[in-house]
Amino acid sequence: MTDLPDTDYTQRFIFDDSDTRGELVALERSYAEVLAKHPYPEPVAQLLGELMAAASLLVGTLKFDGLLILQARSEGPIPLLMIECSSEREIRGLARYNAEQIAADATLADLMPGGDLTLTVDPTIGQRYQGIVDLDGETLSECFTNYFVMSQQVGTRFKLFADGRRARGMLLQQLPADRLKDEEERAASWQHITALASTLTADELLSLDNETVLHRLYHEEQVRLFDVQNLRFRCSCSRERSGNALVSLGLEDAQALVAERGGEVEIDCQFCNQRYLFDAADIAQLFAGAGVDTPSDTRH
């Protein structure tokens, strides 16, 4: 193993005597970057961190090049939580919320009543996949566990915690029968491993390193911990993408929009607050095929 080179990483582990794999995630810098973009109330920041941890764990289980998108929607005080994590392990996120409706001790059911969770895998090449499950658990951890049990039919357990400074998570997942061929023995092993995981507290996961966490839980098991894989915050917005959105409107509509807005169209990125401005000259340049290499202004 290597020393931990950064504050944001996932780390896989496997049980040598059981058909079970696991993964741990720690996020600090990228979590802070996301929270710095908007004045999120504490319960919103907590859920956003938990969703970031879930996305970081899931992107490691998927063998693809592209984008993993998690969206939790509801009609409650938090209409939207959204995380995007690429196969390059670049992550960004946002939340929409009504601050005056959010109590400090609000639960997931209070914040997102009747909500649903959508998982989208958008590969660079190939067909897009999407799965949806109700937000019917007491926590996001339970909701993700339910998603895999219902839609993937794979034994899976999540533990997700965030406190506004650090987001952490643990994933356990059954592997195809190999070491344990007997079904009863296999089921007993899974029950034992998940029962021990259920004793893990938020304080422990948020404050302890991975080796200590696994030793506390599984000191009687043979567990192998692999090298870390780093993650980082990065927003995929750009002036070019914003310009392409205007081009998609067509020349006449883009020109009309500039006129309606007093000679300048402003396109904001909701993830990072970057602001892109386009005037009539920029529109003419875009539709002449010259691109957006010479912006009139771009600011935060």
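In this text, residue positions in the sequence shown follow numbering that gives the first Met the number 0: the first is 0, and each later residue adds one.
Idealized CB from N, CA, C, for every residue including glycine.
Remember, it's a predicted structure, so these values are computed and weren't measured experimentally.
Start and end of the beta strand (DSSP E) containing residue i?
| i | result |
| --- | --- |
| TYR8 | 8-14 |
| SER85 | 79-85 |
| VAL24 | 19-26 |
| GLN70 | 65-72 |
My guess is that residue i and residue j are in contact by the Cβ rule of under 8 Å, so how many angstroms apart are they, rounded?
| i | j | result |
| --- | --- | --- |
| ARG88 | ASN229 | 7 Å |
| SER301 | ASP115 | Since the displayed the chain opens at 0 and closes at 299, residue 301 lies outside it and no answer follows. |
| LEU179 | SER17 | 6 Å |
| LYS36 | ASN243 | About 23 Å; that fails the 8 Å criterion. |
| ASP278 | GLU263 | 5 Å |
| LEU110 | PRO38 | Not confirmed; about 17 Å, so no contact. |
| THR317 | VAL24 | Because residue 317 is not part of the residues shown, which for the chain are 0 to 299, the question remains open. |
| ILE82 | ASP121 | Actually they do not touch by this definition, with Cβ atoms about 13 Å apart. |
| PHE14 | GLN221 | 7 Å |
| GLN70 | THR117 | 5 Å |
| PRO175 | ILE101 | Not confirmed; about 43 Å, so no contact. |
What three-state label does DSSP hand residue i in the structure shown?
| i | result |
| --- | --- |
| ASN209 | helix |
| VAL264 | strand |
| PRO272 | The sequence shown places Asn at residue 272, rather than the Pro named in the question. Residue state, collapsed to three classes: coil. |
| THR200 | coil |
| VAL222 | strand |
| ASP281 | helix |
| LEU230 | coil |
| ALA159 | Note that residue 159 is Leu in the sequence shown, not Ala. In the structure shown, LEU159 sits in a strand (DSSP, three-state: E or B). |
| LEU179 | coil |
| VAL43 | helix |
| ALA35 | helix |
| VAL58 | helix |
| ALA186 | helix |
| ALA194 | helix |
| SER29 | helix |
| PHE286 | helix |
| THR293 | A caution first: THR293 carries a pLDDT of 48, below 50, which makes its placement in the model too unreliable to give a value. |
| HIS299 | Residue confidence for HIS299 is low, a pLDDT of 36 falling below 50, so the modelled location carries little weight; the figure read from the coordinates is stated next. Coil at HIS299, not helix or strand. |
| ASP5 | coil |
Per the DSSP calculation, residue i is bridged to which residue(s)?
| i | result |
| --- | --- |
| MET51 | The partner list for MET51 (beta bridge, DSSP) is empty, contrary to what the question assumes. |
The alpha helix (DSSP H) spanning residue i covers which residue range?
| i | result |
| --- | --- |
| GLN172 | That residue, GLN172, is in no alpha helix (DSSP H); its beta strand (DSSP E) goes 166-173. |
| SER241 | 238-246 |
| ALA258 | 250-259 |
For a cutoff of 8 Å on Cβ pairs, would you count residue i as touching chain B?
| i | result |
| --- | --- |
| VAL153 | Among the chains of the structure shown, chain B does not appear; only one protein chain is present. |
Q) Which residue spans inside the stretch 88-149 form an unbroken beta strand (DSSP E) run of at least 3? A) 89-95, 115-122 and 128-133
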